[in-house]
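Colleague: Numbered per mature numbering (1 follows the signal peptide of the UniProt record, and there is no 0), the sequence shown spans residues -18 to -1, 1 to 477.
We treat Cβ as the ideally placed atom computed from N, Cα and C, and that holds for glycine.
This one's a predicted model, so the numbers in the text were calculated from it and none came from an experiment.
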Amino acid sequence: MVNIWLLFFLICIPLAAFIYKNRRQHQRRPPSPPGLPIIGNLHQIGELPHQSLWRLSKKYGPVMLLKLGKVPTVIVSSSETARQALKIHDLHCCSRPSSAGPRDLSYNYLDIAFSPYDDYWKEVRKLAVQELFSTKQVHSIQPIKEEEVKKLIASIAESASLKTPVNLNKTFLALTVSVICRAGFGVSFEGTVLNSDNFNKLVREALEMLGSFPASDFIPYVGWIIDWFTGLQGRREKSVQDLDAFYEQMIDLHKQEKRQGSEDFVDLLLKLEKEEAVIGNDKLTRNHIKAILMNVLLAGIDTSAITMTWAMAELARNPRVMKKVQSEIRNHMGNRSTITLDDTDQFHYLKMVIKETWRLHPTTPILLPREVMSEFEINGYTIPVKTRVHVNVWAIGRDPETWKDPEVFLPERFIDSDIDAKGQHFELLPFGGGRRICPGIYMGTTMVEFGLANMLYHFDWDLPEGMVVGDIDIEEAPGLTVNKKNELLLVPVKY
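Following this line, the structure appears as structure tokens:
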């Protein structure tokens, strides 16, 4: 009997090893740039990762494998490979890396965005959609938008009378801050940190930290030493403390007496916390509330402001397009002074301008990382479990295989095109796609359309004295979202 078992093992073990080796040989790994010991390809990720990865993809192709420390990471850089990852194999890779989850209370605690694919994420996302991002909710906050835009127009009119430049980076940020905080959080922060340069710095620093590639996430044991040495760890900790202080301020404001029927999203979250409500398998805690607020605050405020800034920069660089979109808006409006949400639906060329802005300047140039839950293939390459997957949206927008003259700002390319930004056309993914698509698409789109329409209707825009079109740069600032590095200064002329 012993001899039979011995014979069995002598035959089966080599056979199993042969089958495993044969299977491994038939698996195709994506092409990969050579790396260094321990850090792998981390040294090839520059200050603007989307540009670094774009340059590498030109050599290694639209499916590229990087070793970021100990973490295998696949970068997809074409519309077709994005379609495979976000649609065909969406269920295989719709989770998030555990190190980026909210429950460890580390820096990356964007609850909706960074949660693993589980019941908790599904319920939090559903709650946010119902209470903040539904079509009904977006229409209900239109009076707030109109009120805040009127204030903004009055402020810009003063600059127009003095013929002084307006800083549009700050202007658009102030507008979205006012709308989001009143609509989503039920409070106005006039005279507080929200309307100061400090808040702008707070948001930008948080997004820069979220968009960084810290060594501690990729290199065991010694990564935190590297982050400490480079100063990244200290910046992350300070950013957390500053954000936490802001959330506490917001929550304290909501503890004050409110009239019946004035409850908002924060009040709802605080009520669920008090009731010890269970979401997924977890009780909703104060830290969960802060994480959800962070998601709404950073994603909702910054992205809309960035899109409007880039759009105005491109329009200033392309006077022909500026005149054409202004003519469309002014011809439609006639003698009316107030633009409505229904009006913006009729501004077809403006919508093309915004799409072209998203193509060249997606606010999140690299979609947040996904983690593979079950093995699949892209372009015949095997993507193993636990691999991280990034979609380089910025590279897709500049792919000559997809776009003719990709570096040219040309809204007319969308004439007679059915391409939209809702996640089903993988040539244009400003909000991502699949199960992880941004839930605030409609809110963000209407905010951008309404804000730009008013700026272009009520004012013409000149360059500051001594400046010519060629002086307008399109340099990018680093971060999870990518704003214009240098402030956009234009002189308003009242229409």
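Pick out the complete beta strand (DSSP E) segments inside the segment 138 to 173, 3 residues or longer, and give them in chain order.
Modeller: Correct list: empty.
Colleague: Quick one, which of W385, P98 and H71 has its alpha-carbon nearest P79's?
Modeller: Closest option to P79, Cα to Cα, is P98.
Colleague: So V56 is in the beta strand (DSSP E); what residue range does that whole segment cover?
Modeller: Looking at the DSSP string, the run of the beta strand (DSSP E) that includes V56 is V53 to V58.
Colleague: In whole angstroms, what separates the C-alpha of G452 from that of L38?
Modeller: Near 29 angstroms, if we compare the C-alpha coordinates of L38 and G452.
Colleague: Just to confirm my understanding: we take Y439, look at its own chain, exclude 5 residues before and 5 after, and list those with CB closer than 8 angstroms. What are they?
Modeller: Here the set comprises Q308, I311, R312, M315, I321 and Y477.
Colleague: With 8 angstroms set as the bound, which would you pick, yes or no: does the beta-carbon of F115 sit closer than that to a beta-carbon of chain C?
Modeller: Reference to chain C is not applicable here, since this structure consists of a single protein chain.
Colleague: Counting only the same chain and skipping the five closest in sequence on each side, list residues whose C-beta sits under 6 angstroms from that of I283.
Modeller: Once the five neighbours on either side are set aside, the close Cβ partners of I283 are T158, V159 and I162.
Colleague: I'd like the list of long-range same chain contacts for A287, defined as Cβ closer than 6 angstroms, with 5 residues on each side in sequence excluded.
Modeller: F154, L155 and T158, listed in sequence order.
Colleague: Going by DSSP, what residue range makes up the beta strand (DSSP E) through F441?
Modeller: Residues F441 to D444.
Colleague: Please tell me whether G22 and L48 are closer than 8 angstroms, where the distance is taken between their beta carbons.
Modeller: For G22 and L48, yes; Cβs fall inside 8 angstroms.
Colleague: So the beta strand (DSSP E) K333 belongs to, where does it begin and stop?
Modeller: Where K333 is concerned, there is no enclosing beta strand (DSSP E), although the alpha helix (DSSP H) it sits in stretches over H330 to L342.
Colleague: Need the endpoints of the alpha helix (DSSP H) that L214 sits in, please.
Modeller: Unbroken alpha helix (DSSP H) run through L214: L214 to H236.
Colleague: Determine the burial state of D226: buried for a count of at least 16 other Cβ atoms within 10 Å of its Cβ, exposed for fewer.
Modeller: Classification of D226: exposed, given that the 10 Å Cβ count is below 16.
Colleague: Applying the 10 Å Cβ sphere with the 16-neighbour rule, what's the burial state of V185?
Modeller: Burial call: buried.
Colleague: Any idea what DSSP makes of L30, helix, strand or coil?
Modeller: Reduced to three states, the DSSP call for L30 is coil.
Colleague: Pull the bridge partners of T346 from the DSSP assignment, please.
Modeller: Partner(s): none; T346 has no beta bridge.
Colleague: Under the three-state reduction of DSSP, which class applies to T17: helix, strand or coil?
Modeller: Strictly speaking, residue 17 in this sequence is Gly, with Thr absent from that position. G17: coil per DSSP, three-state reduction.
Colleague: Ordered along the chain, which non-local residues of its own chain (more than five positions away) have a Cβ less than 7 angstroms from that of P460?
Modeller: Contacts found: E29, L30, E190 and G193.
Colleague: Considering only the beta carbon of each residue, do E383 and S60 sit closer than 8 angstroms?
Modeller: For E383 and S60, yes; Cβs fall inside 8 angstroms.
Colleague: Looking only at its chain, what residues have a beta carbon closer than 7 angstroms to the beta carbon of N4, apart from the 5 residues adjacent to it on each side?
Modeller: In this prediction, N4 scores a pLDDT of 46, lower than 50, which makes its location untrustworthy; the coordinate-derived value is nonetheless stated afterwards. Here the set comprises nothing.
Colleague: Do you know offhand how far M276's Cα is from E140's?
Modeller: The alpha-carbon atoms of M276 and E140 are separated by roughly 34 angstroms.
Colleague: Measuring alpha carbon to alpha carbon, tell me which of D264, A67 and A142 ends up nearest N374.
Modeller: Considering only alpha carbons, the answer is A67.
Colleague: What three-state label does DSSP hand Y363 in the structure shown?
Modeller: Strand.
Colleague: Using alpha carbons as the reference points, say which of D264, I271 and N263 lies closest to K253.
Modeller: Measuring from the Cα of K253, the nearest candidate turns out to be I271.
Colleague: On the three-state DSSP scale, how would you describe H314?
Modeller: DSSP places H314 in helix when its eight states are reduced to three.
Colleague: Distance check for P388 and K305, CA to CA, integer angstroms please.
Modeller: K305 and P388: Cα-Cα distance of roughly 22 angstroms.
Colleague: For the structure I just gave you, are there three or more beta carbon pairs, one from the segment 466 to 473 and one from the segment 428 to 446, closer than 8 angstroms?
Modeller: Segments in contact, yes.
Colleague: Does the beta-carbon distance from L410 to I401 come in below 8 angstroms?
Modeller: Yes, the pair counts as a contact, with Cβ atoms nearer than the cut-off.
Colleague: Compare the Cα-Cα distances from L234 to each of G168, P54, A281 and V106 and report the closest residue.
Modeller: According to the sequence shown, residue 234 is Asp rather than Leu. For the residues G168, P54, A281 and V106, the minimum Cα distance to D234 belongs to G168.
Colleague: Starting from the Cα of V131, find the closest Cα among S221, S319, V371 and T463 and give me that residue.
Modeller: Of the candidates S221, S319, V371 and T463, the one whose C-alpha sits nearest the C-alpha of V131 is S319.
Colleague: Could I get the ranges of all uninterrupted alpha helix (DSSP H) runs contained in the segment 353 to 432, with 4 residues as the minimum, in chain order?
Modeller: Whole alpha helix (DSSP H) segments, 4+ residues: 375 to 378.
Colleague: Can you give the Cα-Cα distance for V278 and R302, rounded to whole angstroms?
Modeller: Taking the straight line joining both Cα atoms gives about 36 angstroms.
Colleague: Classify F247: buried if its beta carbon has 16 or more other beta carbons within 10 angstroms, exposed otherwise.
Modeller: That one is buried.
Colleague: Within 10 Å of its beta-carbon, does I207 have 16 or more other beta-carbons around it, so buried, or fewer, so exposed?
Modeller: That one is exposed.
Colleague: Around the C-beta of F211, are 16 or more other C-beta atoms found within 10 angstroms, so that it is buried, or is it exposed?
Modeller: By the 10 Å Cβ count, F211 comes out exposed.
Colleague: Among all the DSSP beta bridges, which residues are the ones paired with G193?
Modeller: In DSSP, G193 forms no bridge with anything.
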